[in-house]
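Here the protein sequences come in this chain order: A and B. Count along the first sequence starting at 1, add 691, and that's the number in my numbering. Count along the second sequence starting at 1, add 691, and that's the number in my numbering. Beta carbons are placed, not taken as given, at the ideal position from N, Cα and C, and that holds for glycine. Single-structure report; data block below.
Number of protein chains: 2
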Amino acid sequence: MEISRTINEIRRLLGTARQAKQTVGLVPTLGALHDGHMSLIEQARKETDYVVVSIFLNPTQFGAGEDLNKYPKRQRQDLDLCQNAEVDAVFMPGTEQMYPEGYCTTVTVKGLSEKLCGASRPGHFDGVCTIVAKLFNIIGPDVAYFGQKDAQQALIIQRMVQDLDMPIEIRVCPTVREPNGLAMSSRNAYLSESQRNRAGCLYQGLLKGKQLIRSGERNPEHVIKALKEVVNGAGPSEIDYVAVVDPQTLEPATQASRTWLLAVAVRIGPSRLIDNILVDIAGPE
Amino acid sequence: MEISRTINEIRRLLGTARQAKQTVGLVPTLGALHDGHMSLIEQARKETDYVVVSIFLNPTQFGAGEDLNKYPKRQRQDLDLCQNAEVDAVFMPGTEQMYPEGYCTTVTVKGLSEKLCGASRPGHFDGVCTIVAKLFNIIGPDVAYFGQKDAQQALIIQRMVQDLDMPIEIRVCPTVREPNGLAMSSRNAYLSESQRNRAGCLYQGLLKGKQLIRSGERNPEHVIKALKEVVNGAGPSEIDYVAVVDPQTLEPATQASRTWLLAVAVRIGPSRLIDNILVDIAGPE
Numbered sequence: 692m693e694i695s696r697t698i699n700e701i702r703r704l705l706g707t708a709r710q711a712k713q714t715v716g717l718v719p720t721l722g723a724l725h726d727g728h729m730s731l732i733e734q735a736r737k738e739t740d741y742v743v744v745s746i747f748l749n750p751t752q753f754g755a756g757e758d759l760n761k762y763p764k765r766q767r768q769d770l771d772l773c774q775n776a777e778v779d780a781v782f783m784p785g786t787e788q789m790y791p792e793g794y795c796t797t798v799t800v801k802g803l804s805e806k807l808c809g810a811s812r813p814g815h816f817d818g819v820c821t822i823v824a825k826l827f828n829i830i831g832p833d834v835a836y837f838g839q840k841d842a843q844q845a846l847i848i849q850r851m852v853q854d855l856d857m858p859i860e861i862r863v864c865p866t867v868r869e870p871n872g873l874a875m876s877s878r879n880a881y882l883s884e885s886q887r888n889r890a891g892c893l894y895q896g897l898l899k900g901k902q903l904i905r906s907g908e909r910n911p912e913h914v915i916k917a918l919k920e921v922v923n924g925a926g927p928s929e930i931d932y933v934a935v936v937d938p939q940t941l942e943p944a945t946q947a948s949r950t951w952l953l954a955v956a957v958r959i960g961p962s963r964l965i966d967n968i969l970v971d972i973a974g975p976e
Numbered sequence: 692m693e694i695s696r697t698i699n700e701i702r703r704l705l706g707t708a709r710q711a712k713q714t715v716g717l718v719p720t721l722g723a724l725h726d727g728h729m730s731l732i733e734q735a736r737k738e739t740d741y742v743v744v745s746i747f748l749n750p751t752q753f754g755a756g757e758d759l760n761k762y763p764k765r766q767r768q769d770l771d772l773c774q775n776a777e778v779d780a781v782f783m784p785g786t787e788q789m790y791p792e793g794y795c796t797t798v799t800v801k802g803l804s805e806k807l808c809g810a811s812r813p814g815h816f817d818g819v820c821t822i823v824a825k826l827f828n829i830i831g832p833d834v835a836y837f838g839q840k841d842a843q844q845a846l847i848i849q850r851m852v853q854d855l856d857m858p859i860e861i862r863v864c865p866t867v868r869e870p871n872g873l874a875m876s877s878r879n880a881y882l883s884e885s886q887r888n889r890a891g892c893l894y895q896g897l898l899k900g901k902q903l904i905r906s907g908e909r910n911p912e913h914v915i916k917a918l919k920e921v922v923n924g925a926g927p928s929e930i931d932y933v934a935v936v937d938p939q940t941l942e943p944a945t946q947a948s949r950t951w952l953l954a955v956a957v958r959i960g961p962s963r964l965i966d967n968i969l970v971d972i973a974g975p976e
């Protein structure tokens with residue numbers, strides 16, 4: 692496994708891979724890899740010849756007062772995990788590589804970026820789009836892998852790729868969960884054991900919402916109310932949002948949408964946790 | 692010469708060129724080609740194997756009340772000019788190809804885009820950056836060619852390419868001028884003969900400024916004053932800006948800059964005309 696810390700170095704490796712007509716898969720991460728990331732790497736391994744994992748704790752997607760400084764860093768463990776998963780190259784640039792002095796360009800997906808998580812994290816998705824555009828231009832992957840757990844992020848990146856005509860396929864892979872349903876996240880590391888147990892309420896709430904829809908409920912407000920009851924019933928927490936939206940527009944769901952996105956963001960102790968599920972409102976399951 | 696009206700078609704052509712290991716040069720234009728464009732094409736012909744000219748009157752770089760609707764269109768003549776210049780492919784997409792419904796992504800180069808022309812054309816450079824990013828992603832050129840006449844545009848695109856790590860070389864080619872010094876521009880077509888004669892005052896003013904600097908003047912305000920006198924002496928016109936700035940930051944020039952950018956935007960009759968020259972304040976010339 693190669694480890695590149697500079698743009699020139701990773702470009703040289705990719706040049707060799709492409710000359711050998713290998714297809715390239717990219718798994719972009721902030722580090723602190725968990726089973727969710729590993730499932731993306733596994734999918735990339737299956738579908739592409741040369742798998743690159745980027746590990747870069749991107750400062751521009753963190754707002755003032757957010758957890759940039761305490762975000763978990765486990766460089767040695769991350770590299771071991773990549774090595775064991777047969778990753779071909781890890782791209783681990785420093786901040787000065789990615790944002791040299793004078794840097795002033797931003798990619799914005801208007802309309803989608805202000806909703807849900809964007810409402811409480813202004814500028815977050817601009818930071819995400821910009822770093823992802825940079826990684827795409829540096830690595831030039833054929834396919835890039837993102838998790839469904841960050842549904843809004845995946846949607847916004849798909850929109851960016853489509854709007855800017857980037858010749859890249861985006862694959863969104865299923866959320867990986869702890870036994871109690873808690874979606875895997877690097878931020879779960881901040882939780883105490885009792886908080887972690889309690890955090891299962893996000894998924895339980897989503898399942899409750901799905902069950903209501905399955906039994907015929909078509910009023911999004913009723914689904915939201917039931918979901919909130921599950922979260923509130925689990926113990927002290929601060930709900931950022933509970934939303935039932937169209938998965939393409941993120942506008943409030945109507946019966947015109949075939950699929951509803953049930954999405955939730957809750958602060959439990961030190962962590963802001965998010966989760967979501969898609970429910971096909973026409974289908975039987 | 693191939694003519695492509697869709698993204699898929701031009702991508703197919705480029706795929707063939709790249710398989711044959713040809714380097715690709717791109718000359719992006721709004722159409723209504725003139726000798727300035729032809730000099731870019733000629734340069735691309737010299738330096739790259741496969742030359743693409745894009746002709747797209749990009750609506751997102753025109754503001755409300757600007758000249759989008761009356762911008763000259765000369766499709767037949769443009770294609771003849773490209774054919775005669777041995778262009779390999781012309782990419783002529785429709786607006787619905789470039790901006791399909793739901794489009795919502797923008798590339799912004801903050802700081803540089805609000806100055807000079809950006810001050811009187813808000814959003815203009817966002818439109819330019821976004822369409823150029825799209826063209827770069829569609830065509831994937833090795834080198835792209837821009838004119839020094841649009842100095843701020845060239846600077847902003849170089850900044851975007853650097854900041855987003857686009858693997859593309861930007862070549863900025865010298866301004867081509869009419870015999871009276873008027874910089875070639877599609878917008879010169881709006882001018883009457885007397886206005887066209889008078890419009891020579893922009894370049895005469897710039898040369899006056901350069902001469903002052905050569906003779907030792909180091910106060911930008913004095914250069915600006917002399918330049919304005921030349922423009923105002925030529926007849927009725929409305930000065931948008933006359934500026935002496937650092938060519939990298941577009942901040943007011945100081946003696947710390949090795950080179951000064953003298954830039955001017957003037958409305959003469961129906962046309963807003965721009966021009967500029969670079970003056971090396973250290974050098975002898």
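Bridge partners - residue i, DSSP secondary structure assignment
{"i": "E780 of chain B", "result": "According to the sequence displayed, residue 780 of chain B carries Ala and not Glu. In DSSP, A780 of chain B forms a bridge with B:E693 and B:V743."}
{"i": "R889 of chain A", "result": "Per DSSP, none; premise fails for R889 of chain A."}
{"i": "C864 of chain B", "result": "B:G838"}
{"i": "A874 of chain B", "result": "B:R868"}
{"i": "S804 of chain A", "result": "The partner list for S804 of chain A (beta bridge, DSSP) is empty, contrary to what the question assumes."}
{"i": "T797 of chain B", "result": "A:T799"}
{"i": "I965 of chain A", "result": "A:A956"}
{"i": "L717 of chain A", "result": "A:V743 and A:A835"}
{"i": "D758 of chain B", "result": "Answer by DSSP bridge pairing: none, since D758 of chain B is not bridged."}
{"i": "E929 of chain B", "result": "B:R958"}
{"i": "A934 of chain A", "result": "A:A954"}
{"i": "D854 of chain A", "result": "Paired residues: none, contrary to the question."}
{"i": "P943 of chain A", "result": "A:V936"}
Contact under 8 Å by Cβ, residue i with residue j
{"i": "L941 of chain B", "j": "K806 of chain B", "result": "yes"}
{"i": "C892 of chain B", "j": "V922 of chain B", "result": "yes"}
{"i": "I848 of chain B", "j": "F782 of chain B", "result": "no"}
{"i": "Q752 of chain A", "j": "H815 of chain A", "result": "yes"}
{"i": "R887 of chain A", "j": "D931 of chain A", "result": "no"}
{"i": "C820 of chain A", "j": "V834 of chain A", "result": "no"}
{"i": "V935 of chain B", "j": "T950 of chain B", "result": "no"}
{"i": "I746 of chain B", "j": "T720 of chain B", "result": "yes"}
{"i": "A735 of chain A", "j": "Y836 of chain A", "result": "yes"}
{"i": "M851 of chain B", "j": "D726 of chain B", "result": "no"}
Span of the alpha helix (DSSP H), counted from its first residue to its last, around residue i
{"i": "R702 of chain A", "result": "I698 to Q710"}
{"i": "F827 of chain B", "result": "H815 to I830"}
{"i": "I915 of chain B", "result": "P911 to G924"}
{"i": "S730 of chain B", "result": "D726 to E738"}
{"i": "R683 of chain A", "result": "Given a span of 692 to 976 for chain A in the structure shown, any question on residue 683 of chain A remains unanswerable."}
{"i": "T786 of chain A", "result": "T786 to M789"}
Inter-residue Cα distance where the pair is residue i and residue j
{"i": "S877 of chain A", "j": "M729 of chain A", "result": "12 Å"}
{"i": "V867 of chain B", "j": "N967 of chain A", "result": "57 Å"}
{"i": "I861 of chain A", "j": "E792 of chain B", "result": "20 Å"}
{"i": "G716 of chain B", "j": "T707 of chain B", "result": "15 Å"}
{"i": "V743 of chain A", "j": "E908 of chain B", "result": "55 Å"}
{"i": "I965 of chain B", "j": "P943 of chain A", "result": "47 Å"}
{"i": "N910 of chain A", "j": "R765 of chain B", "result": "55 Å"}
{"i": "I694 of chain A", "j": "A824 of chain A", "result": "21 Å"}
{"i": "A956 of chain B", "j": "R905 of chain B", "result": "23 Å"}
{"i": "P927 of chain B", "j": "A890 of chain B", "result": "11 Å"}
{"i": "L846 of chain B", "j": "Q939 of chain B", "result": "7 Å"}
{"i": "D817 of chain A", "j": "G872 of chain B", "result": "43 Å"}
{"i": "E884 of chain A", "j": "K840 of chain A", "result": "21 Å"}
{"i": "E738 of chain A", "j": "L705 of chain B", "result": "25 Å"}
{"i": "M692 of chain A", "j": "D740 of chain A", "result": "14 Å"}
{"i": "E976 of chain B", "j": "K901 of chain B", "result": "Low local confidence applies: a pLDDT of 49 at E976 of chain B is under 50, so the model's placement there is unreliable, with the coordinate-based value given in what follows. Cα to Cα, the separation comes out at about 10 Å."}
{"i": "E777 of chain B", "j": "P858 of chain A", "result": "28 Å"}
Residue i - containing beta strand (DSSP E), residue span
{"i": "A1065 of chain A", "result": "In this structure chain A extends from 692 to 976, so residue 1065 of chain A is not present and cannot be described."}
{"i": "L748 of chain B", "result": "Segment: none, L748 of chain B is in no beta strand (DSSP E) and carries neither H nor E."}
Minimum Cβ-Cβ distance from residue i to chain E less than 8 Å
{"i": "N923 of chain B", "result": "The displayed structure is made up of protein chains A and B, and chain E is not among them."}
(request) Give, in chain order, every residue of the segment 846-878 of chain B whose Cβ lies closer than 7 Å to some Cβ of chain A. (result) Cβ contacts with chain A come from R850, M851, D854, L855, D856, M857 and P858.
(request) Identify each residue in the segment 878-902 of chain B for which the Cβ-Cβ distance to at least one residue of chain A is less than 7 Å, and report them in chain order. (result) Those would be none; no residue qualifies.
(message) Tell me which residues of the segment 776-801 of chain A have at least one Cβ-Cβ distance to chain B shorter than 7 Å, keeping chain order.
(response) Y794, C795, T796, T797, V798, T799, V800 and K801: these are the residues of the segment 776-801 of chain A whose beta carbon lies less than 7 Å from some beta carbon of chain B, given in chain order.
(request) Return the residues of the segment 819-834 of chain A that lie within a Cβ-Cβ distance of less than 7 Å from chain B, sorted by chain order. (result) Under the 7 Å Cβ criterion, the segment 819-834 of chain A contributes A824, K825, N828 and I829.
(request) Give, in chain order, every residue of the segment 739-753 of chain A whose Cβ lies closer than 9 Å to some Cβ of chain B. (result) Flagged: no residues at all.
(message) To be precise: take each residue of the segment 900-920 of chain B, compare its Cβ to all Cβ atoms of chain A, and keep it if any distance is under 7 Å. Which residues remain?
(response) Within the segment 900-920 of chain B, no residue qualifies.
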